[in-house]
Every structure is written in structure tokens, then in C-alpha cells.
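Notes follow once the structure below has been shown.
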Amino acid sequence: MSASIVRMKKEARALFWPWFAVTLAGALPLVLLNSYSKKLSLLSFFIGVPVLAALPLGNEFQQKTLTLWLTQPASRMQLWGEKMSVMFAAVLSAALVSGSGVFYITWPRIELTWKVAAIVCVLVATASAPYLTLAARSTIGGFAQISCYLFSVFVLAGNIAPHRDEALAASLPAATITAISVFGLCFAVWMLWLGARKLARLQVTGGSDDADLLMTGPEVMPEALAGWFRCRPSGAFFNLIRKELRLLRPFWLFTLLALLYLAFAAMFGLLQAFPIATRQPAASVEFAIFCTLGSFFLLAPVFAGILSLGEERTSGTQAWHMTLPVSPLRQWFIKLAIAMLAGFASSVLLPLLVVIAVGSVLGSPFMFVDFRELRDWMILVLIMTFAAFWCACAANGTVRAALWVAAAPMAIYLASFGGTKLGQDLARTTGTAGDLLLSWFHLSPLTFTAIADFTRAGGLWLFVPTLLLALIQSYRLFRAQPEDTARWMLQCLMPLFAVTVLWSFSASAGFVSSSWEPFLETRQALDKLQPGTAKIELTGEDLARNSLMTAPTRRWLRGSSIFVTPDKDHPSGYRATIHLASGLECRLIVAHSGGTAASCVRSSPRKSLPGQNQNAR
Amino acid sequence: MNSPTPVIQIENLAYAYGKAEAIHDLSLRVQPGRCYGLFGRNGAGKTTTMKCLLNLLSPQRGQVRVFGLDPAKAEVGVKRRLAYVPDQVAFYPWMSVRETLDYLASFRERWNRKTEQELLDHFRLDPSKRTNALSKGQRTQLALLAAICPEPDLLVLDEPTSGLDPIVRREFVETVIGAYQDGNSGNRTILVSTHLITEFEGLIDEFTIIDQGHSVLALEADEARERFQKIRARFAPSPPELDFPTALRVRRNGRELELIANGAGPELMERLRQHNPEALSTEALTLEEIFVAALKS
Chain A
1257 MSASIVRMKK EARALFWPWF AVTLAGALPL VLLNSYSKKL SLLSFFIGVP
1307 VLAALPLGNE FQQKTLTLWL TQPASRMQLW GEKMSVMFAA VLSAALVSGS
1357 GVFYITWPRI ELTWKVAAIV CVLVATASAP YLTLAARSTI GGFAQISCYL
1407 FSVFVLAGNI APHRDEALAA SLPAATITAI SVFGLCFAVW MLWLGARKLA
1457 RLQVTGGSDD ADLLMTGPEV MPEALAGWFR CRPSGAFFNL IRKELRLLRP
1507 FWLFTLLALL YLAFAAMFGL LQAFPIATRQ PAASVEFAIF CTLGSFFLLA
1557 PVFAGILSLG EERTSGTQAW HMTLPVSPLR QWFIKLAIAM LAGFASSVLL
1607 PLLVVIAVGS VLGSPFMFVD FRELRDWMIL VLIMTFAAFW CACAANGTVR
1657 AALWVAAAPM AIYLASFGGT KLGQDLARTT GTAGDLLLSW FHLSPLTFTA
1707 IADFTRAGGL WLFVPTLLLA LIQSYRLFRA QPEDTARWML QCLMPLFAVT
1757 VLWSFSASAG FVSSSWEPFL ETRQALDKLQ PGTAKIELTG EDLARNSLMT
1807 APTRRWLRGS SIFVTPDKDH PSGYRATIHL ASGLECRLIV AHSGGTAASC
1857 VRSSPRKSLP GQNQNAR
Chain R
-2 MNSPTPVIQI ENLAYAYGKA EAIHDLSLRV QPGRCYGLFG RNGAGKTTTM
48 KCLLNLLSPQ RGQVRVFGLD PAKAEVGVKR RLAYVPDQVA FYPWMSVRET
98 LDYLASFRER WNRKTEQELL DHFRLDPSKR TNALSKGQRT QLALLAAICP
148 EPDLLVLDEP TSGLDPIVRR EFVETVIGAY QDGNSGNRTI LVSTHLITEF
198 EGLIDEFTII DQGHSVLALE ADEARERFQK IRARFAPSPP ELDFPTALRV
248 RRNGRELELI ANGAGPELME RLRQHNPEAL STEALTLEEI FVAALKS
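Each protein sequence line maps, in turn, to chains A and R. Taking the working numbering, I'd label the letters of the first sequence as residues 1257 to 1873. Taking the working numbering, I'd label the letters of the second sequence as residues -2 to 294.
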């Protein structure tokens, strides 16, 4: 086997798992159609594919193998050619799959010329990735530049399209799409040439390879403030906080830029509301701003969660910290707290203050604030930050953690979906555990109503045990020395996956998926007796014998006595009192219009007051 | 009289990375004030042993005690009394040398500013220079400096001299380490792992040679020098064809015969003397020669 083939195999092996993740995310809408998978396919196509293009060179910086690679007995151009061949094979196949997901499932009505424009946009970003990665000397740096690049394209697209919805459905003028395609292709070729030239002239200076991301960007902090962030000879606790804040420096710079951009958009009436993702504007420029700000405020928590620990792991300072006389628990807690605060500040608190400030200038402080969505947005930001932090604890380095940030929550989501589905299927055949409990012990069917209503109101509780376990696990992983393998990550994910499946299944089969309607079934059985005309007295067994009741309802009524009296005020209505075997008394009021009210009270010698312990249904 | 609590006590330690066994049934004991060498080839298990001592890895079998404490249970208490220099030194790139030292000093109860200044001058390190601008050797110097200034009871050094130029390397061993131990003689202990044994020859009191996770040889340095001897005999005609089963190595070079003895020196000398050699001499092996002989045998 020639040396060239060996090197190309090495490239392919390094790209395999990221390629697999991007392709899987892109293909997801083809097999599982929901809003989450649609968003993932968009991320896969517009972000994942360019990142894939940045990885082959980024990995050399990340793994400090650049010198080794460049000293191989081959010309730099040959090495470049090998890397680009593998990269383009991976990128094109991934783009083909995720493009199919985007254009046929996520955006099925998009017009052909817009598809071409989107492909050109991704092609240009992909072709630029090697040059930008070489210029930034890191994957993350390259990715940040690609993001800026995509952002410009969004703004440009926003300016081209006068009205978004109509524009996406109508074709672009032939001259425009031809110009975009020709320009895009020329630009892509030029960027590739620039990349090759950059590699040919690259100087391996031998400085700290890991310093690039943490040292990039201008020094914008005034000296007085910078002095506060400088570590002191005493005060270990504050020094750890200072260090954490400094590790997030690139993140703060991005946040600053995003906030300026947000203020600008709000000032010139281009912002609809904050949280940004709540309303999608129709107009083109506002849509472009919506996309870019939305992307930033969604990615910022991820960045906040992974950057600090990811960079420490990459540089080796984290293992060294573990040998210092500071409790690892304290180190972990400070890191987590700062990450959560940074995510919250960048995506909730600071943007909120900015839009309130701009609103105050314009006369109405809260004109941009959408309070209805704020709570959900805060929860989303906190969960995303924590998920990113968990990935940083489990993975070895920033890039690996970033790659897992999309995959890990997706796995948990799938686990929850699968568990719930299994629970539903079981509940459909046997009834839920709650149904069995109520029917066996002849309890009030309204017992779990409040819990069921709560669980249906928000799905977050489905992840509470997973989050608790992830919190404990993150500390354990923080202390561990992670391996650079997908198997290790899967091992870390497995307990969370299992707990999510079990919890979702238990909740679903326990009481959430209950479709048992004992009052409805009783009422339907009583209706057949035409109870609006005379008083009826019968047992539960009598009623069950003459109607098609489900097994739990028959069981529930076993040993009960039922008294039915016509409603004097409403001719076709009636009232039924069911004395259950447990001693519980359930009342059923059926109105002439067909409406039913039900309540259950414990039978007692004292007569209960009207309305006491009553639940309407 | 009871012997003092060992600074390090390892008993039947075992650790494996997946199926690859890194350490197997390793036992050693380091008394206070000693300089203990952990010698072995690359991948022998030296770093893994040190990581178990520092609670960076949890032993899969066996027991580890540092200052009589379990590092997993009394983690901070143990780390407060030791300093570690890893084989791969890393610092925060934005921090200057000064800030790095201040940062590390903040975690310590003691920090000798005088020693710090002396070593900064000695290594010619510019305190205002950022750590990302330091060379690999300078970074190692900074790590050594940061480990010595808190005056710990135990100094754990993992390949401390890699990346240092020969002059600094010699100065480091003779001046820095020597001065560190002289500071509180009898109480300051060093555990050093290295394969550059020659530099530590004069400092090592006791050592263990590890090979593929197994302890091959554990001895006091002086005892080792007594046991391992190089015997040279020159004969007028060619050396007699003799069999030396108790010798570790036998080499014939013209009229000369060279034997490496492991404890059987007097017996071998006596046998050689019976053949009337022209010259017969013996000399103690250096630790590096003992290391090579132990691994080759």
C-alpha cells in the first residue's frame, strides 16, 4: 500500500464519526419527521457540512500533529491534495444526504433557484473552510470565521429577497441566480487556491498550539478592568473565578458583538421581539437578522458550556489542576456555575437589558420583550448550557465536545420518545398502572387528574431524572481522563439514555398515557337505560352486563350500587350516585345538552356541603 | 523504636487501561527525607503509578497511601503537602510568568518568595513574559519553580528534566533539588520518575525498576552498587573457556573478559583468580548500568 493511500485512509478514519453524525442529522427528517429533526437537518446542511470541511486541517492543530504531517516525505501540495480529496468526498456525500432532507422534507416548497443559491452558499463556506482554519490555526477559530461568513450571506440573501415567503416560493431571476452561481463558484475556487497557498507558505513557529483560540481577538478591555481579572497571590476562590472568566474570553467578545448588533437591529426597527425565536418575521432583512441573532443566541449557551473545560482539556491544564490542593468538587462547581451564568447572561440577561435600554430610548422600555416566551427561553438556554457542559466533561477537547452537543441531546430526545411510545403501547393494551390501581381499589378516577394535567402541560419533567443523573455524572467525568473514542462517549451516554427510557416508559405506562374514561363509559351505559323518566337502582354488575364496558370499568364498578334519578328541571338530564365498593361515593350529573359533571367524595354519616371536594370534569 | 510513617506506601497496586495492563502488583515504600527513583522504559507504568498516587486514577486493585492517608479520601489534605511536575507541562497562555506564579501561590499555605526570586534569576525567566511565549524547556523550568516554592513535604517529578538543556538539567538536579532537600533535611521527600538516570545518580537513595508494569528490581542505591559489579580480567593468552551461570552478562573482548555480577561478585572473582589473570579489577555499576543490566537480564 502506497504512503499516499495510508495517509488518505488516516484522513478518512479521522473524519468518519463527524461525517456520520452530520449525515445522520441530515437524514433524520427522512426517517423521523418532527420540528426537531427538521431543525437538525438545517443545522447539518448549513453548519455541519462547512464544519466537516474545517476538520481535516483543524484536527492537525487540535491534536498537535501539524509538524508530523508536514514532515512526511511528500510535497505540501501533495499533502494538500490528499486532504482535500478525502474532505470533498466526505463533504459531498454528507451534503447530498442532508441536502435531500432539507430540500425535500424541511423546505419542500422551496423553488429550484433558491435551492441552487443555498447549495452555492454551502459550497463557498465549505471551500473557504480550509483557508479559514489555516488562518485561525484551529477548528473553532475556523468555524467562527465560517459563521461570520454565513452571517454575511444571510444578510445578503435578506437584501436580495424583498419578501421572504413569496421569495422562497417564487423563482429568482435567471440573471441573478446565474450571477450568484458563477460568482460563488469562482469565489470557492479562489478560496481553495488561497488555502493551498496558505499551506505552502505556512510557518510552523513552534509556539503554543493551544493558545490560538484563547488568545485570538483584540485586547479591548481597559487596563483598570484587566487588572481586576489578573490573578493575585492570595484568594484561591476568586482566582479560580477570574481564570474561568478569562477562559471564556472569545465567548465574551462574540457576545459583545452580538449585543451591539442586537441594539442596532432594535434601534432601526429591524427587531420584532426578544426572545428572538418567538416570532418569525416575513420581511427579508428582518428575517436575515432573525436568523443570525437566533443562531447566535442559540449557539452562545453551547459555547459557554464547552469552551472553558474544552480548552483546558485540549491544553492539558485541567489534569494539572487536579493535582493542586483545591477540592475537585469546588473546581467543578465553579466551572459549572460560571458556564451557566455565562450562558444565561449572553442569551437572556444581557440581550434583555439591551432591548429594554433601546426600548427606553424609543419611549417604551418593554416594547421588544415578549414576556410570554421568556420563561421557556430561559429554561432552553439553561438546559442547552448544561448539555454543552456535560459534553465538555465527557469529551476530550472543545471540538469533540462541540460535535457531541448536537448528538447527545438528540439521543436523549430519542430515548424519551421511545420510552413514551413503548409506555403508550403498553397502556393501550393493559391500561396504565394508575388505571389498574384505581379500578382494583375502586378509587376516584379524578385522583391523578392534577398530576396528569401537570405532566401534559410541559414535557420538561420527563427529563428531570436524566438531568439529575447528568449533573452527578458530569462531576465524575470532570475528574476522569476521557478517551478520544466514540465508544467512550457512548458509554457515558448509556446511563442517561437508559434512565430516560425507563423514566419516560414508567411515566407513560404509569399514568400519563391513560385513556380510561370510567365516567364516560358509565354514562354511556346508563344512557341506554333511558334514565330521564324514572328512578333506577341497580348494581355495577347489572350495568356492566348490559353494556360494552372495558375491563377496568367493570372492575371499578364491581360491588357498587348505582342510584339514578331524573333531573326535574331538565327533562332529558339525570343524576347518578355510584356507591363504590371502597366506600367512595361518585356523583354523575348529566345535563340535557349532553354535558357531564362528575365528582367523588368519601361517604360519611355527615352530609357534605355542596361543592366540597368536588372536581368538575 | 517505631519506624516513621512512610511518605508513600504502595501495596499490590494494579491498573489497566481497558485490556492493556499498565501496572501489575507493584509495591513500594518511600521513607521521609529520601529521594526515590522510579526507573523504567517508556510505557513501563511510571506515570500511571504517579497518577494513582495523586488520585488522578483510582487503583483497580491494591492500596495506595500518601503520608499514611488514602489520596481518594483525604484528597486535598494529601495534595496540600505535595507538589507535582507532570511530564507534559501546560500553562494558561494569556498569563505571564508572574501571574502564573501568583495564581499557583494562591492555592498554597506557604510560598517562598526568596526561593522564587532566586530561581527566576537562576533560570533567567522574565516574569513579565507570557507563558505562550516560553520555550518547552522554559515551561518546564517554570513548572519546577512552581513546585519547589511552596516547599512541599513531597515532590513528585515525572520526567522532570525532559526538554531541559544539559547545563540547566545538571544545575537543576544539583542545585535546585539538592537545595530543596537541604532546606529541611530528613523531611523533604522526592519521588522522581525518569529514564535519564545518570543525572540523578548522586541523589537517588532508593529505586524501583519497572518493566511492563512489573517491579523488576527494588533496592537501596548503595546496596545496588555493592551487589551489581563489573569484573574485568585480562589474561596473557586468550581468556579460558569458562561457564559463569551466576553472572548477569559475560563479554569477551580479545584478551579481556568482562562480567556483570549480581551479588555473586566474590565468587566470580575467586573463580577468575584460579586461572591466574594478568590483571583483575572490579568496580561498582552506575545506576544507569544497573538499570540496563536488570532489564536485559
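Backbone N, C-alpha and C define an ideal beta-carbon position, used for all residues, glycine too.
query: Residue ranges of each alpha helix (DSSP H) within the segment 1662 to 1713 of chain A, 4 or longer; result: 1689 to 1696, 1705 to 1713
query: Interface partners of F104(R) on chain A, CB under 7 Å; result: A1492, L1580, P1581, V1582
query: Any C-beta of chain A under 8 Å from that of R77(R); result: yes
query: Residue environment, C1442(A), which counts as buried when at least 16 other CB atoms sit within 10 Å; result: exposed
query: Under 8 Å between C-beta atoms of L1782(A) and A1837(A); result: no
query: Rounded separation between R1631(A) and V1637(A) - CA only; result: 10 Å
query: First through last residue of the alpha helix (DSSP H) which encompasses E1777(A); result: 1774 to 1783
query: Sequence-distant residues of the same chain with beta carbon closer than 7 Å to P149(R), five excluded per side; result: R78, L79, A80
query: Three CB pairs or more closer than 8 Å across the segment 244 to 253 of chain R and the segment 46 to 63 of chain R; result: no
query: Any C-beta of chain R under 8 Å from that of S1571(A); result: yes
query: Exposure label - Q1747(A); buried when at least 16 CB within 10 Å; result: exposed
query: Residue environment, N181(R), which counts as buried when at least 16 other CB atoms sit within 10 Å; result: exposed
query: I1261(A), enclosing alpha helix (DSSP H) - first and last residue; result: 1259 to 1287
query: Under 8 Å between C-beta atoms of L23(R) and T46(R); result: yes
query: Collapsed DSSP secondary structure at H211(R) in the structure displayed; result: strand
query: Environment of P1329(A) [buried if 16+ CB atoms lie within 10 Å]; result: exposed
query: Length-filtered (4 minimum) alpha helix (DSSP H) runs lying within the segment 92 to 129 of chain R; result: 94 to 102, 110 to 120
query: For K1294(A), the three-state DSSP class (helix, strand or coil); result: helix
query: Reduced DSSP category for L282(R) - H, G, I as helix; E, B as strand; rest coil; result: coil
query: Proximity winner among L1348(A), K1454(A), L1335(A), relative to R1393(A) (alpha-carbon distances); result: K1454(A)
query: Straight-line Cα distance separating V1445(A) from L1308(A); result: 18 Å
query: Coil, strand or helix - D179(R) by DSSP; result: helix
query: Collapsed DSSP secondary structure at R1498(A) in the structure displayed; result: helix
query: 7 Å CB neighbourhood of R231(R) in its chain, flanking five on each side removed; result: R252, E253, P274, E275, A276
query: Chain R contact for P1489(A) (CB, 8 Å cutoff); result: yes
query: Chain R within 8 Å of A1598(A), Cβ atoms only; result: no
query: Exposure of N1495(A), with buried meaning 16 or more beta-carbon neighbours within 10 Å; result: buried
query: Straight-line Cα distance separating P1721(A) from A1800(A); result: 41 Å
query: Spatially closest choice to A1400(A) from V1768(A), V1757(A), L1555(A), by CA coordinates; result: L1555(A)
query: Contact residues within the segment 1644 to 1657 of chain A, judged by C-beta distance below 7 Å to chain R; result: none
query: G1674(A) to F1272(A) span [Cα, whole Å]; result: 27 Å
query: Endpoints, the beta strand (DSSP E) within which S1341(A) is located; result: That residue, S1341(A), is in no beta strand (DSSP E); its alpha helix (DSSP H) goes 1332 to 1356.
query: Buried versus exposed call for A1872(A) [16 or more other C-beta atoms within 10 Å across all chains shown]; result: Reliability of the predicted coordinates at A1872(A) is poor, the pLDDT of 36 falling under 50, and the value obtained from them is presented with this limitation in mind. Burial call: exposed.
query: Rounded distance between the beta-carbons of Y33(R) and L188(R), thought under 8 Å; result: 5 Å
query: Segment contact flag, the segment 1659 to 1675 of chain A with the segment 1579 to 1592 of chain A, C-beta cutoff 8 Å, min 3 pairs; result: no
query: Assigned secondary structure, D22(R) (DSSP; H/G/I helix, E/B strand, else coil); result: strand
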